[in-house]
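Everything below concerns the one structure shown next.
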Amino acid sequence: MRALDRKLFRDLWRMKAQAAAIALVVAAGVSLFVAMVATYRSMSLSEHHYYTRWRFAQVWSDLSRAPVSITRDIAALPGVAAVEGRVKHHAILDVPGLAQPASAVLVSIPPTAGHGVNDLYLRRGRHVEAGHAGEVLVSEAFAEKNHLALGDTMIATIAGRHVQLRFVGVALSPEYVMPVPPNGLAPDDRRFAVIWMARDELQSLFDLRGAINEVAVLLSPGADEHAVVGAIDRVLEPYGGRGAYGRDSQPSHTMLEEHIRPLKSVSVIVPIIFLLVAAFLVNIVLSRFAATQREQIGLLKAFGYSSSRVALHYLELTMLIVLAGAIVGLPIGARLGLGFARFYGAFFRFPVLVFRIEPALILGALLIATVTTGLGALGTVRRVLVLPPVVAMTPEIPAFRRTLLDRTGVSRWLAPAWRMVARNVLRRPLRSALAVVGMAFAVAVILIGNSTADATDRMRDVRYQAAERQDVTVSLMEARAVGTAGDFLALPGVTRVESYRVVPARFAGRGHTQDIALYGLPAGGVLRKVVGNDYHVFSVPPDGAIVTAWFANHFGLKRGDPLPLEIREKQRRFVTTRVVDVVAEPLGVAVYMDLGALGRLLREPETYSVANLTIDPTRERELFATLKRTPAAVAVDFRKGALASFRQMSDAVAVFIRKVEVVFAIIIAFGVVYNTAKIALAERSRELATLRVLGFTRGEVSAILLGELGVLAAPAVPLGLLIGHWLSRVVVGAWAGERMHPPVIVAASTYGLALMVFAFSVAASALLVRRNLDRLDLVGVLKARE
């Protein structure tokens, strides 16, 4: 082994504690990068595999009624690979063991397995068989939540008739990865089911023999979706076609994408924070270490080693630490990524989880770690290169320049110990500033991990506590005259009724189309309000419309602009209103109008399609029993149930992420604080030992060293909160999409958690450094180094 190689390993052993702290931060950054990128890739690949293998449709169109033969005309269109004509409708379910009525979407399927479009994955059981009336397949999540077994039966209210259904299989479909109830905003697996029945039987139940009311289309590779949509609309227009749409408007797909997409942004932002902190640690540790080896650098150069070779020696020292961190971080990242992928795979119920650690990912992680930490070592390498041997072999001249406190006279008012602390911090302003920034990132990581949970809490609170105040929502099969809404008061336990109208509509602008829900709300209503993320309640204008902020921003709409809409209910027609106001609503894309103004816009009498009810809790069982047999309803939703389902879905992800973020924030805080304290101890060991010899107690000497640590930690807290808030805005912004518009909210509890974790890390580091200080060899330290 060459002399410099032996020196390299001796140096590593000498600084093993600090090297381990740096390697730990590098390992954290590498593992997070590998885990998050691998998770994002796994979800994307699993989604693609699921969609491709089970032939997920790319275009759909609802229609009033058309003969099955119309599918041949659509199949002949350019760009169409396969088409399935279906019957789709809604039903109310009486589920054994569930007091509340459940809702279901009924979807027809061919009598044999292996569907050409939207094929099903059978978890257990068998496919429905021709001639076996009442046989159905049910979505897995609903079956699990309600503890349904194969062979179980339930009563469904379908088209005014009570039909007994028998479960023969539990299935998954790429079309319903995240099934959302009618007029709902989030899955409710307990009270909403997807049920697949044989097409002939469903046609008979809805008096659609030989007819369909929906088509699902699979496109050929490279097909122009926009052109196919236009062609399908022309074919279906005589049959009441309500406008074809692609995956971008399919509820399950858009919700799935809005859960997967944020992983891509987080996989870059969070690991980079760790690697930047590692670069900072390399900078301060290596510069201090090289400063203590000035004489050795001079001797090496005097004995003929080139400046570049000596500089390479210190760069190799850095790379060994980085390599050690990467070796630890890569397998942890792979294991953590697999855990993340399994969690999300189970959450989305993918039938096949595709997970692999690709060589490009490993090389990318190593490259990023090497480049970032290498940048941290550049300052030291440059100083080693330019340091002449004669200068290097002489002791470094101490820097005793006057600080700002000395020039202003403030230092005279400080106690001697605090004067020493202040001077040491201010004489190296750049290094002190870097230490503060490094500590601040530990605080910021906690805020990033918890701000998404805080945003979710705000979305949930605004939607289900402020905007909605009803107990039960009943969606009707057909719109009715407003005057009939009072009929609901005759139902047992109903104390108040408010009706409103929901109309499917489409807006076109900037080369894109957007499907929206057009609401007609009653003036002065209290059970359904328009509420922004700041809890501001908007009054519905007597004329014109309020639009959601995401919709307005996406299409550049401003107050006073015309708002042309295509109505997609029954017969398609075009209407125009104007934008009166914009609301930053947390969930969904909507346009709100006065119920009377909507009736005038549609040129029809005032009607309603949804009824909000408040009920007497003592009579809810009577009401539930009645609603289970109500033929006019297509869905019954419960605000508290939707709130609980939304909370369960969001908390499952938030708690999982929060645990990981806290662990890694502790690693950052400990790595920065411990190295900062160790460097201060190494630089001031002679000074502190002198104080001990002069009679200062261990506590007094420790107070000087740890006081310096406290002075650096104090500004790190507000700075970390600011950085964390800014990064949270970036992460939450990446999370926002068509269906979810989270506000940037950081709760007081999140600030408290960040401060608690940071204080714990500082205290733990201080205790370790205090132990080293107590074991200081006074005689050895005070020996003259000259």
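Residue numbers (the numbering used here): 5 to 790.
Glycine included, C-beta positions come from ideal geometry on N, C-alpha and C.
Predicted model only: the values in this text are computed from it and were never measured.
So Ala588 and Gly536 are in contact, right, with Cβ under 8 Å, and what is the actual spacing, rounded? Going by Cβ atoms, the distance from Ala588 to Gly536 rounds to 5 Å, so yes, they are a contact pair.
| query | Thinking just about the alpha-carbon of each residue, which of Leu206, Leu124, Ala108 and Asp193 is nearest to the one in Gly135? | reply | Leu206
query: Going by alpha carbons, who is nearest to Ala32 out of His317, Val449 and Ser107?
result: Val449
Val167 lies in the beta strand (DSSP E); which residues open and close that run?
Arg165 to Leu176
Exercise for review: Please state if the CB of Ala80 and the CB of Ala95 are separated by a distance shorter than 9 Å.
Suggested key: no
* Give the C-beta separation of Ser3 and Val181 to the nearest angstrom, bearing in mind that I take them to be a contact with Cβ-Cβ under 8 Å. => It is not possible to answer for residue 3, since the shown part of the chain is limited to 5 through 790.
Runs of alpha helix (DSSP H) wholly within the segment 572-651 (minimum 4 residues, chain order): 599-606 and 624-631
By the three-class DSSP mapping on this structure, what secondary structure does Asn217 have? strand
Discussion item. Quick test of the definition: if touching needs 3 or more C-beta pairs under 8 Å, does the segment 748-763 touch the segment 277-288?
Written reply: no
ask   = So, is Glu51 buried or exposed, given that buried needs 16 or more other C-beta atoms within 10 angstroms?
value = buried
Assigned exposure category for Asn557 - 16 Cβ within 10 Å defines buried: exposed
To the nearest angstrom, how far is it from the Cα of Ser649 to the Cα of Phe578?
37 Å
Considering only their Cβ atoms, is the gap separating Val447 from Val721 smaller than 9 Å? Yes. Within cutoff.
Quiz item: If we count the other Cβ atoms within 10 Å of its Cβ and call it buried at 16 or more, is Ala248 buried or exposed?
Solution: buried
Practice prompt. Please classify His317: does DSSP put it in a helix, a strand, or coil?
Written response: helix
Q. What distance in whole Å lies between the Cβ atoms of Gly592 and Leu260, which are believed to be in contact at a cut-off of 8 Å?
A. In fact, because the Cβ distance is near 16 Å, the residues do not count as touching under 8 Å.
Cβ shell of Ala489 (< 7 Å), same chain only, five flanking positions each side left out: Val501, Ser503, Tyr612 and Ala615
Out of Leu152, Val233 and Leu713, which one is the CA nearest neighbour of Ala437?
Leu713
* Determine, using beta-carbon pairs with one atom in the segment 68-75 and one in the segment 96-116, whether at least three such pairs fall under 8 Å. => no
*asked:* Can you tell me where the alpha helix (DSSP H) holding Met47 begins and where it ends?
replied: Lys20 to Arg57
Is it true that the segment 41-59 meets the segment 231-246, where meeting means three or more beta-carbon pairs spaced less than 8 Å apart? no
Same chain, Cβ closer than 7 Å to Val750, neighbours up to 5 away in sequence not counted
The beta carbon of Val750 is closer than 7 Å to those of Leu451, Ser455, Asp458, His729 and Ser732 in its chain, skipping five residues each way along the sequence.
On a Cα-Cα basis, can you pick out the residue from Tyr54, Asn122, Gly120 and Val142 that is closest to Arg130?
Val142
Original post:
Could you check where the alpha helix (DSSP H) with Glu299 kicks off and where it finishes?
Top reply: Arg298 to Ala306
Determine whether the beta carbon atoms of Gly475 and Phe642 lie at a separation below 9 Å. One point to set straight first is that residue 475 is Asp, not Gly, in the sequence displayed. Yes; because the gap between Cβ atoms is below 9 Å, this pair is in contact.
Query raised in the report: So the beta strand (DSSP E) Glu88 belongs to, where does it begin and stop?
Result: Val84 to Arg90
*When we look at the beta-carbon of Pro185 and count the other beta-carbons within 10 Å, is it buried (16 or more) or exposed?*
Flag for Pro185 reads buried.
* Whole-angstrom distance between Trp554 and His3, CA atom to CA atom -> It is not possible to answer for residue 3, since the shown part of the chain is limited to 5 through 790.
*DSSP puts Gln518 in a beta bridge; with which residues?*
Phe511
Exercise. In the structure shown, what three-state DSSP assignment does Val358 receive?
Worked result: coil
query = Pairing CB atoms from the segment 617-633 with CB atoms from the segment 533-552, are three or more of them under 8 Å?
reply = no
Can at least three beta-carbon pairs, one atom from the segment 220-231 and one from the segment 109-124, be found at a separation below 8 Å?
Yes, they touch.
Exercise. Is DSSP giving Glu742 helix, strand or coil here?
Worked result: coil
Any 3 or more C-beta pairs closer than 8 Å across the segment 358-365 and the segment 284-302: No, they do not touch.
Just checking my contact of Gly333 with Ser35 at CB under 8 Å: how many whole Å lie between their CB atoms? 4 Å
query = Using the C-alpha atoms, what's the distance from Ser689 back to Pro266?
reply = 48 Å
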